[in-house]
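Report on one structure; see the data block that follows.
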Amino acid sequence: MMGAGMPDYYDEYYYLTACGRPYERTAEWLEGNARLAERIVATLHPATALDAGCAMGFLVEALRAQGVEAFGVDISAYAIEHVLPEIRPFCWVGSILKRFPRRYDLIVCNETLEHLQPAEAPRAISNLCRHSDDVLFCSTPFDFRETTHFNVRPPEYWAELFAENGFLHDVEYDATFLAPWAMRFRKGDVPLRRLVATYERHVWRLAQETTGQRELALEQRKQMGDLQERVRQAESERDANERRAAELAARKDELQALTAELEAARAQAAQAMRDGAEHAERARAAEKDNLQSRALLAQRDRETVAAAQSERQISALRVKLTEHEGTLLETETERRRLEKRAADLEQHLLRVYNSLSMRLTAPLRRALMLLRGQPPADDPSRPPSRLRMAWVGAASLTRRGWRVLREEGVTALWRKGWRLVGSARVRGASTGPPGELPPAEPMAFAGDDWKRLRPSLMPTPRSLRVLFFNGQGNRDGDWSQSPRYRVHNVRAALAQAGLSTSMVTTSDLPLDLHLLAEHDLLVLFRAGWTPELDLLVQAARHYHVPVIYDVDDYVFEPRLATPEYISGITGWPEADRQRYLEGVVSFRRALELCDYFTGSTEYLVERAAELGKSGAVVCNGPGEELIRISHQVFEKRTREPKARAVRLLYMSGTATHQRDFGVAAPAVAAVMRARPQVRLHVIGPLDLTEYADLAPFRDRIERTEFVEWRMLPAHIVQDDINLAPLEIGNPFCEAKSELKYSEAALVGLPTVASATRTYAHAIRHGDTGFVCNSTDDWSERLLALVDDAELRHRLGGAARAHVLEAFGPATIAAQAREAYRGIVLDYRTAHGRSPTTLEIGWVLTPPIPGSGGHNAIFQAA
4 MMGAGMPDYY DEYYYLTACG RPYERTAEWL EGNARLAERI VATLHPATAL
54 DAGCAMGFLV EALRAQGVEA FGVDISAYAI EHVLPEIRPF CWVGSILKRF
104 PRRYDLIVCN ETLEHLQPAE APRAISNLCR HSDDVLFCST PFDFRETTHF
154 NVRPPEYWAE LFAENGFLHD VEYDATFLAP WAMRFRKGDV PLRRLVATYE
204 RHVWRLAQET TGQRELALEQ RKQMGDLQER VRQAESERDA NERRAAELAA
254 RKDELQALTA ELEAARAQAA QAMRDGAEHA ERARAAEKDN LQSRALLAQR
304 DRETVAAAQS ERQISALRVK LTEHEGTLLE TETERRRLEK RAADLEQHLL
354 RVYNSLSMRL TAPLRRALML LRGQPPADDP SRPPSRLRMA WVGAASLTRR
404 GWRVLREEGV TALWRKGWRL VGSARVRGAS TGPPGELPPA EPMAFAGDDW
454 KRLRPSLMPT PRSLRVLFFN GQGNRDGDWS QSPRYRVHNV RAALAQAGLS
504 TSMVTTSDLP LDLHLLAEHD LLVLFRAGWT PELDLLVQAA RHYHVPVIYD
554 VDDYVFEPRL ATPEYISGIT GWPEADRQRY LEGVVSFRRA LELCDYFTGS
604 TEYLVERAAE LGKSGAVVCN GPGEELIRIS HQVFEKRTRE PKARAVRLLY
654 MSGTATHQRD FGVAAPAVAA VMRARPQVRL HVIGPLDLTE YADLAPFRDR
704 IERTEFVEWR MLPAHIVQDD INLAPLEIGN PFCEAKSELK YSEAALVGLP
754 TVASATRTYA HAIRHGDTGF VCNSTDDWSE RLLALVDDAE LRHRLGGAAR
804 AHVLEAFGPA TIAAQAREAY RGIVLDYRTA HGRSPTTLEI GWVLTPPIPG
854 SGGHNAIFQA A
């Protein structure tokens, strides 16, 4: 691995093929190096160490785990690139022929120097001896097959090179745990007599062992001769027994053949008896069936006649239905044509009144009307002013009163005057069936603040329509988690339920108010306050459109914007924390502008109620596409065999859940310690170094970066148990929705969660999952699921059915529809407007003497 002249040779192909088996980060290599590190620390006690030829740093990693300040050097850039990221700062690409940056208590050189050219070996030994007084060394003495082994030598060759540098083989130290030919070389001035005594002692010991082994071999050879004779006798007896067994087997075959003949004869006799009985039974049944068949035929004839009649009735109804659908289509087409024609005429009228000629002649027209005793005419695009209405009414009543007095007398004037006062207002005029809502009133704009806003002149009656303002995305479709669940999924569910919705974003401001006037509700999702948003809310109030603030996190309480409640901001710079706090304050200000509130949990709705905003819960629910994708991977999972490993899943989602996972980390570590087959799968950002309990199990922890939501089911379907820990009692956590439960349940995973209000309500404990209040609860529930595959399957299936029913699109549509309809009715009632009727006021020109054109209006009133 350290050939000085050919570093590029030690690439990916080399590490896959040259080490007997692939050299990569597997349990086999990691555990082997861990055992070496334990033995080195236990016997040599180094404070610092260098692995010369460290490859991918497995021994460096293991020594550091034992508390040794370990480093590594290797000529292969490929190997150093694959060192664990947290170990990589302690390893570098370099040659052991060059000086090291410091001295070390111990240098380990394991199967490295055979890769050097023979001329380089003395330089390498000298470099090792220069940087340590203690070297643990081994180099294969007989592996000539590996193509990079340029200098395969016996142990005495290396001992001689070390001796030239003043290092002697420590024969008292057993280094065979590294390899049978491994040796420890130490620097020191050992007296010759002591050195000779040590070598003589070991030579005498080896001679004694050799003599003893030779005597043992001779004794075993004699015993083998005796055993071989006994084996020959046993084989002879076996042959005799086999011949006897063959004779008995032949006799057995004869007896079996005879038994088979007798059994066949018995079976034939029994069959004959059964055939006779069956023939008699069939004869009796045939007579009975004959009678039943005639009755069935008659019944079938009657049913055929009835079916034909029903088919004719259905055909006639289908024809009528087709005719009605055609008529309805024609009516709808005509209605749209008339609406378009009315809009065109309305625009034409506006263009006329805004034309240059109308503006130039306006003073003349006003003067002429004043000369006639009439008030100036208003622009038809503006609502009539109170002054004009009073003027018109007074002039009309005066002229009509004089005419009645002149033609009919004082009595008639008195009678008709009282009748006119009693009928001055139209009450209770219904605008449509009870299921529809009345239109918003047209809005009168005044002042420079409203020059950018273009009001619709006269909204038409319509069913409930909702306008969503997405404060977190763009119009083209921001499919991050919150907008996807709070806007896109809700809109899709409402569309399936037959309700009309639209969506705008911050890029659409200032908004064309024709769009606002066409809706009954404005829902602001997670929007921060801006002057443009403030103007939009004011415009909605002019249109009598209630404004709802919607959010799925507790992000409108500034006192929670601290690391005490949100662990994810703990390491943020002060400037970033200040920006986050400003965002929360902006959300709070936008919420206070609104009339109502909807949230993903009861906890959020209660917190909004404390701010004076009543509202309702609209849960987070999966969309049709996620349900479809999850169903596909779930079906595939049920068909494929499952591995023996049991995989725990944790989806962190964002970096705000660091302390949340700490709730379950001790129990997860205990389960992984008790059950070696358990693995942990983490998706998303999570700093595992904060959990010391999990450090021994790093090789059983899998990491997956944040994945796009459409790919999530495929990543989690092979897991077995979903973890959803949260800090119980933390307001920020108590407000969290049940998303981790529902997304895992769609692919059949049971969930073990903290017993927050939301999870305790969503998960039926022991039926669709488990909720936990303590570490003991977590350990007990996880062990139960790990040990019982049938329990996992039952809970996962029940959770999947529950989520599809309780959080599916139909349920979300029903929640949203009821919440929005109730808010509209409450708003209109609170503002003195009937939710089901429309009040009409007449604005009339003065009556023309001798004309009866106004009589119909007075009679209707």
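So for the sequence shown, my numbering puts the first residue at 4; every next one is plus one.
Glycine residues also receive a C-beta, built at the ideal position from the N, C-alpha and C atoms.
{"query": "If you reduce the DSSP assignment to three classes, tell me which class D229 lands in.", "result": "helix"}
{"query": "Do you know offhand how far F664's Cα is from H118's?", "result": "47 Å"}
{"query": "Just list the residues that DSSP pairs N725 with in beta bridges.", "result": "L652 and T754"}
{"query": "Quick check: the segment 56-65 against the segment 141-149, are there 3 or more CB pairs under 8 Å?", "result": "no"}
{"query": "Quick one: residues in its chain with C-beta nearer than 7 Å to the C-beta of L87, no 5 flanking neighbours on either side, listed in chain order?", "result": "G60 and E64"}
{"query": "Quick check on this structure: which residue in F735, H718, P49 and L131 has the alpha carbon closest to the alpha carbon of A747?", "result": "H718"}
{"query": "Report all residues from its chain with a CB closer than 6 Å to the CB of L527; omit the five preceding and five following residues, and keep chain order.", "result": "F472 and Y552"}
{"query": "Are L39 and L53 touching if we call contact CB-CB under 8 Å?", "result": "no"}
{"query": "Just verifying my parser: in three-state terms, what is the DSSP assignment at G571?", "result": "helix"}
{"query": "Apart from the five residues just before and just after D555, which ones in its own chain have a Cβ nearer than 7 Å to its Cβ?", "result": "S485, Y488, R489, G602, S603, N623 and S740"}
{"query": "Assuming G571 contacts Q661 under a Cβ cut-off of 8 Å, what Cβ separation, rounded to an integer in Å, is found between them?", "result": "6 Å"}
{"query": "At 3 residues or longer, and completely inside the segment 5-72: list those beta strand (DSSP E) runs for me, N to C.", "result": "51-55"}
{"query": "If you draw a straight line from the C-alpha of Y606 to the C-alpha of V755, how long is it?", "result": "21 Å"}
{"query": "Determine which residues share a DSSP beta bridge with W161 and list them.", "result": "None, per the DSSP bridge assignment."}
{"query": "Do you know offhand how far K639's Cα is from M227's?", "result": "60 Å"}
{"query": "Can you tell which of K101, L100, Q236 and D77 has the C-alpha that lies nearest to the C-alpha of C94?", "result": "D77"}
{"query": "Report the three-state DSSP secondary structure of D278 (helix, strand or coil).", "result": "helix"}
{"query": "Identify whether C736 lies in helix, strand or coil by the three-state DSSP scheme.", "result": "helix"}
{"query": "When you compare only the Cα positions, how much space is there between L19 and E31?", "result": "15 Å"}
{"query": "CB G772 to CB A809, shorter than 8 Å?", "result": "no"}
{"query": "So, for I704: in the same chain, excluding its five sequence neighbours on each side, which residues have a beta-carbon less than 6 Å away from its beta-carbon?", "result": "L683"}
{"query": "Measure the C-alpha to C-alpha separation of R67 and E41 and round it to an integer number of angstroms.", "result": "11 Å"}
{"query": "Near S505, which residues of its chain fall below 6 Å by C-beta distance, leaving aside the five closest residues on each side in sequence?", "result": "L470"}
{"query": "Please classify S360 as buried or exposed, where buried requires at least 16 neighbouring CB atoms within 10 angstroms.", "result": "exposed"}
{"query": "Just checking my contact of L131 with L109 at CB under 8 Å: how many whole Å lie between their CB atoms?", "result": "Contact doesn't hold; Cβ gap of about 11 Å is too wide."}
{"query": "Kindly give me the distance between the Cβ atoms of R824 and L497, rounded to whole angstroms, as I take these residues to be in contact under 8 Å.", "result": "Actually they are not in contact, since the Cβ atoms of R824 and L497 sit about 11 Å apart, beyond 8 Å."}
{"query": "In the DSSP assignment, find the unbroken beta strand (DSSP E) run with G602 in it and report its ends.", "result": "Y599 to G602"}
{"query": "Would you give the residue range spanned by the beta strand (DSSP E) that T707 belongs to?", "result": "I704 to T707"}
{"query": "Short of 6 Å in beta carbon distance, which residues of its chain neighbour R465, apart from the five on each side in sequence? Order them along the chain.", "result": "For R465, the predicted model reports a pLDDT of 43, less than 50, meaning its position is unreliable; a value from the coordinates is still stated below. Excluding residues within five positions, none has a Cβ falling inside 6 Å."}
{"query": "Give the secondary structure of S503 by DSSP, where H, G and I count as helix, E and B as strand, and everything else as coil.", "result": "strand"}
{"query": "Find out if the Cβ-Cβ distance for the pair I128, F153 is shorter than 8 Å.", "result": "no"}
{"query": "I need the boundaries of the beta strand (DSSP E) containing F140, first residue and last residue.", "result": "D137 to C141"}
{"query": "Locate the beta strand (DSSP E) running through R529, then write down its first and last residues.", "result": "Where R529 is concerned, there is no enclosing beta strand (DSSP E), given that its DSSP letter is neither H nor E."}
{"query": "Classify R706 as buried or exposed, calling it buried when 16 or more other Cβ atoms lie within 10 Å of its own Cβ.", "result": "exposed"}
{"query": "Any heavy atom of the ligand MN closer than 7 Å to the Cβ of A185?", "result": "The ligand MN is absent from the structure shown, which contains no ligand whatsoever."}
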